[in-house]
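S.K.: Chains Z and G, in that order, give the protein sequences. Going by my numbering, 116 is the number at position 110 of the first sequence; the sequence numbering is gapless. Going by my numbering, 357 is the number at position 128 of the second sequence; the sequence numbering is gapless.
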Amino acid sequence: MRRCEYAHDDGAYVLGALSPAERSAYERHLATCADCRDAVAEIAVLPGLLGRLAPADLERITPPVGVEERLPKLLDAARARRRRERRVDRLRTVGVALVAAGLAAVAGVGLAWPLTRADSGTDVEVRMVAMEPVQGGAVPVTAEIGFDGTRWGTVVTMRCQYAETADYTKAYTFRLVAHGPNGETEQVGSWLAAPGDEATFTGVTRFTRSELTRLELLRYDNTPLLVYDVR
Amino acid sequence: MHDEHAEALFGHALRLMRGDRQRAEDLVQETLLRAWRHPEALDPDRGSVRAWLFTIARNLAIDAWRKRGSRVGEVVTDELPEPPQTVDEADRAVEAWTVAEALNRLSASHREVLVECFYQGRSVTEAAARLGIPPGTVKSRTHYALRSLRLILAEMGVTG
Numbered sequence: 007m008r009r010c011e012y013a014h015d016d017g018a019y020v021l022g023a024l025s026p027a028e029r030s031a032y033e034r035h036l037a038t039c040a041d042c043r044d045a046v047a048e049i050a051v052l053p054g055l056l057g058r059l060a061p062a063d064l065e066r067i068t069p070p071v072g073v074e075e076r077l078p079k080l081l082d083a084a085r086a087r088r089r090r091e092r093r094v095d096r097l098r099t100v101g102v103a104l105v106a107a108g109l110a111a112v113a114g115v116g117l118a119w120p121l122t123r124a125d126s127g128t129d130v131e132v133r134m135v136a137m138e139p140v141q142g143g144a145v146p147v148t149a150e151i152g153f154d155g156t157r158w159g160t161v162v163t164m165r166c167q168y169a170e171t172a173d174y175t176k177a178y179t180f181r182l183v184a185h186g187p188n189g190e191t192e193q194v195g196s197w198l199a200a201p202g203d204e205a206t207f208t209g210v211t212r213f214t215r216s217e218l219t220r221l222e223l224l225r226y227d228n229t230p231l232l233v234y235d236v237r
Numbered sequence: 230m231h232d233e234h235a236e237a238l239f240g241h242a243l244r245l246m247r248g249d250r251q252r253a254e255d256l257v258q259e260t261l262l263r264a265w266r267h268p269e270a271l272d273p274d275r276g277s278v279r280a281w282l283f284t285i286a287r288n289l290a291i292d293a294w295r296k297r298g299s300r301v302g303e304v305v306t307d308e309l310p311e312p313p314q315t316v317d318e319a320d321r322a323v324e325a326w327t328v329a330e331a332l333n334r335l336s337a338s339h340r341e342v343l344v345e346c347f348y349q350g351r352s353v354t355e356a357a358a359r360l361g362i363p364p365g366t367v368k369s370r371t372h373y374a375l376r377s378l379r380l381i382l383a384e385m386g387v388t389g
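#1: Kindly confirm or deny that the stretch 153 to 164 of chain Z and the stretch 214 to 224 of chain Z touch, where touching means at least three C-beta pairs closer than 8 Å.
#2: Indicate whether residue 139 of chain Z and residue 174 of chain Z have their beta-carbon atoms separated by less than 8 Å.
#3: What's the call for residue 187 of chain Z, buried or exposed, on a 16-neighbour Cβ count within 10 Å?
#4: Who are the near neighbours of residue 383 of chain G in its chain, counting only those whose CB is closer than 6 Å to its CB and skipping five residues on each side?
#5: At least one CB of chain Z closer than 8 Å to the CB of residue 315 of chain G: is that the case?
#6: On a Cα-Cα basis, can you pick out the residue from G:353, G:367, G:328 that is closest to residue 381 of chain G?
#7: Once DSSP output is grouped into helix, strand and coil, what is the label at residue 189 of chain Z?
#8: Given a cut-off of 8 Å, decide if residue 24 of chain Z and residue 32 of chain Z are closer than it, judged by their beta-carbon atoms.
#9: Assign residue 218 of chain Z to buried or exposed, taking buried as 16 or more other Cβ atoms, counted over all protein chains shown, within 10 Å of its Cβ.
#10: Give me the Cα-Cα distance between residue 63 of chain Z and residue 196 of chain Z, rounded to the nearest whole angstrom.
#11: Does the CB of residue 377 of chain G have a neighbour CB from chain Z at under 8 Å?
#12: Hey, how far is the Cα of residue 336 of chain G from the Cα of residue 359 of chain G?
#13: I want to check one thing, is the minimum distance from the CB of residue 154 of chain Z to the heavy atoms of the ligand SAH below 7 Å?
#14: Shortest alpha-carbon distance to residue 279 of chain G belongs to which of Z:184, Z:47, Z:203?
#15: For residue 292 of chain G, go through chain Z and note every residue whose CB falls closer than 8 Å to its CB, in chain order.
#16: Quick one: which chain Z residues come within Cβ less than 7 Å of residue 265 of chain G?
#17: Nearest chain Z C-beta to residue 286 of chain G closer than 8 Å, yes or no?
#18: Name the one or two DSSP bridge partners that residue 210 of chain Z has.
#19: Measuring only the C-alpha atoms, how far is residue 322 of chain G from residue 17 of chain Z?
#20: Residue 60 of chain Z and residue 281 of chain G look like a contact to me (Cβ under 8 Å); what is the Cβ gap, rounded to whole Å?
#21: Mapping the DSSP letters down to three states, classify residue 10 of chain Z as helix, strand or coil.
#22: Going by Cα to Cα distance, which pick from Z:179, Z:164, Z:220, Z:37 is closest to residue 190 of chain Z?
#23: When you compare the CB of residue 354 of chain G with every CB in chain Z, is at least one pair closer than 8 Å?
#24: Among residues of its own chain, excluding the 5 on either side of residue 235 of chain Z, which ones have a beta-carbon nearer than 6 Å to its beta-carbon?
#25: Which same chain residues, not among the five before or five after residue 374 of chain G, have their C-beta less than 7 Å away from its C-beta?
#26: Roughly how many whole angstroms lie between the Cα atoms of residue 245 of chain G and residue 264 of chain G?
#27: When burial is assigned at 16 or more other CB atoms within 10 Å of the CB, is residue 266 of chain G buried or exposed?
#28: Grouping DSSP H, G and I as helix and E and B as strand, with all else coil, what is residue 150 of chain Z?
#29: Kindly indicate which residue of G:290, G:258, G:348 has the alpha-carbon position closest to the one of residue 52 of chain Z.
#30: Hey, out of Z:144, Z:185, Z:45, whose CA is closest to residue 176 of chain Z's CA?
#31: Checking 8 Å against the spacing of the C-beta atoms, do residue 29 of chain Z and residue 19 of chain Z come in under that value?
#32: Helix or strand or just coil, what does DSSP make of residue 17 of chain Z?
#33: Report buried or exposed for residue 135 of chain Z, applying the criterion of at least 16 other Cβ atoms within 10 angstroms of its Cβ.
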């Protein structure tokens, strides 16, 4: 067992999450600790692999924490992939290219995030309402929003369009923020959009349907653009 | 060390710097300088020297990205310095899918710290504040999350 005080810092180090000061201290420590050097060597290649998944894809694939049960499609895709692999193993006649093509097709299915809920057994369309523009809000964006209350929070579906105009040509990062009781806020999601883009996603906030007071669509610098008051 | 890894390191730096050769060269120099300060860690018998050099380069690139990203205001692009490799589109889809599947097999708390610290590019301190847990817990979770991820990828037949 490793007993050194830096034993758990290897992960944050290879992910680039240590502050420059912490990192320098850790690198000085590495020079003297063979166990930590081994630990870093074990995981140093992982960030490169993680980087194969673009952050934009991650938002569509990885569920918000706590909603694993909403992943039936992805899990089906995973099972289909494993079946496919076993079949390929048995036949041993199908080329690697075909597997790749098949996986790409499965990945395509996994990426299509449904706008309907599946956990109630029936596919219920979420009713979408338009968010109101904030006075003086820059950037020509419009958004519709839908709620779905559950015991553990509220599932928020958003469809946001960034219109193409002569005045706005830049891509911006946008954030959707939920307001709850006692002035608490929580980010439901963020995305990068350029003029002409439409972004659709489903996120979840721990605020229940009755606690949720307002949703705000902000630009990266916290300029409010759109708002929807729940009550 | 330089001759053996310089070319690969330059390629890595070029990707991190989004094709800017001048900045990539600077990054390589800075990386090698750091590595030379700790030659003990570069013992070829101890894991991959190249992976360690790549880690140093990525950390330096993230520093630059954080400095730039800390400016409030418009951002033309704010992607982290780990662009997907330019490979065949089908390969890319398979790789992305494999990583996504591996992440989905992690526990929610492990996945969460990797999303915060890697994909969102947050520091341990920032991630701790957002998740409402102590920084030490973020560190230990990233430690265990990467161990789990390594096992999962090995089970999936990904060597690395």
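Positions of the beta carbon are idealized from the N, C-alpha and C atoms, including for glycine.
M.R.: With the structure as the only source:
#1: Because the criterion of three Cβ pairs below 8 Å is met, the stretch 153 to 164 of chain Z and the stretch 214 to 224 of chain Z touch.
#2: In this structure, residue 174 of chain Z does not lie closer than 8 Å to residue 139 of chain Z by Cβ.
#3: With fewer than 16 other Cβ atoms within 10 Å, it is exposed.
#4: Once the five neighbours on either side are set aside, residue 383 of chain G has no close Cβ partner at all.
#5: Because the pLDDT of residue 315 of chain G is 49, which lies under 50, any placement of that residue in the model is unreliable, and the number read from its coordinates should be weighed accordingly. Chain Z contact via Cβ: absent.
#6: Per the Cα distances, G:328.
#7: Residue 189 of chain Z falls in the helix class under three-state DSSP.
#8: Closer than 8 Å, so yes.
#9: Note on residue 218 of chain Z: 16 or more other CB atoms within 10 angstroms of its CB, so buried under the neighbour-count rule.
#10: Taking the CA atoms as reference points, residue 63 of chain Z sits about 13 Å from residue 196 of chain Z.
#11: At a cut-off of 8 Å between C-beta atoms, residue 377 of chain G does not count as an interface residue with respect to chain Z.
#12: Using only the alpha carbons, I get a separation of about 18 Å.
#13: Of the ligands one can find in the structure shown there are none, so the ligand SAH has no counterpart to examine.
#14: For residue 279 of chain G, the nearest C-alpha among the options comes from Z:47.
#15: Within chain Z, the residues 26 have their CB atoms less than 8 Å from the CB of residue 292 of chain G, given in chain order.
#16: Those do not exist, as residue 265 of chain G stays about 12 Å from chain Z at its closest Cβ, beyond 7 Å.
#17: For residue 286 of chain G, the answer is no, since every Cβ of chain Z falls outside 8 Å of its Cβ.
#18: Partner(s): Z:161.
#19: When rounded, the separation of the alpha-carbon atoms in residue 322 of chain G and residue 17 of chain Z is 26 Å.
#20: With 8 Å as the limit, residue 60 of chain Z and residue 281 of chain G do not qualify as a contact, their Cβ atoms being about 25 Å apart.
#21: Looking at residue 10 of chain Z - three-state DSSP - the assignment turns out to be coil, as it is neither helix nor strand.
#22: When Z:179, Z:164, Z:220, Z:37 are compared, the shortest CA-CA separation from residue 190 of chain Z is found for Z:220.
#23: By this cut-off, residue 354 of chain G is an interface position.
#24: Taking residue 235 of chain Z as the centre and dropping the five residues before and after it, the same chain places the C-beta of 220 closer than 6 Å to its C-beta, in chain order.
#25: Excluding the 5 residues flanking it on each side, residue 374 of chain G has same chain C-beta neighbours closer than 7 Å at 335, 339, 342, 343, in chain order.
#26: Annotation: residue 245 of chain G to residue 264 of chain G spans about 18 Å, alpha carbon to alpha carbon.
#27: Label assigned to residue 266 of chain G: exposed.
#28: If DSSP states are grouped into helix, strand and coil, residue 150 of chain Z belongs with the strands.
#29: Of the candidates G:290, G:258, G:348, the one whose C-alpha sits nearest the C-alpha of residue 52 of chain Z is G:348.
#30: The shortest C-alpha separation from residue 176 of chain Z is found at Z:144.
#31: Yes, they are a contact pair.
#32: Looking at residue 17 of chain Z - three-state DSSP - the assignment turns out to be helix.
#33: Its Cβ having fewer than 16 others within 10 Å, residue 135 of chain Z is exposed.
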